[in-house]
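UniProt numbering numbers the first residue of the sequence shown as 1 and each following residue consecutively. In what follows, a single structure is set out as structure tokens and then discussed.
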Amino acid sequence: MTDIESKKEFTGETIWLVVGVLFCFPFAIYYYFANKEQVWVCPECRESITVGAGTCKHCGTDLSEYTGDDEESASVDD
Numbered sequence: 001m002t003d004i005e006s007k008k009e010f011t012g013e014t015i016w017l018v019v020g021v022l023f024c025f026p027f028a029i030y031y032y033f034a035n036k037e038q039v040w041v042c043p044e045c046r047e048s049i050t051v052g053a054g055t056c057k058h059c060g061t062d063l064s065e066y067t068g069d070d071e072e073s074a075s076v077d078d
């Protein structure tokens, strides 16, 4: 099993970033860094996907073999 790659990516609204740059540059810098979130990178198509996704929304690749989330580990044994 290989680990899935992750990276930080800006997920905020771009309009507030532009407004911040035009009127208040320190606000724009704060807004940019405050709205970065951890995302996964699909090993097949190299697109950004949400952390915890089971399949890639771009190419449909099953990510369970990369994350270790399979049906056996999801069941709870008593």
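Beta carbons are placed, not taken as given, at the ideal position from N, Cα and C, and that holds for glycine. Nothing here was measured: the structure is a model prediction, and the numbers come from that model.
Gly54 is a Cβ neighbour of Asp62, given a cutoff of 9 Å. Within the same chain, Cβ atoms closer than 8 Å to the Cβ of Tyr31 are found at Gly12, Trp16, Leu17, Gly20, the five residues on either side in sequence being excluded. Rounded to whole angstroms, the separation of the alpha carbons of Tyr66 and Glu5 is 9 Å. Counting other Cβ atoms within 10 Å of its Cβ, Ile49 reaches 16 or more and is therefore classed as buried. Per DSSP, the unbroken beta strand (DSSP E) holding Thr50 starts and ends at 48-50.
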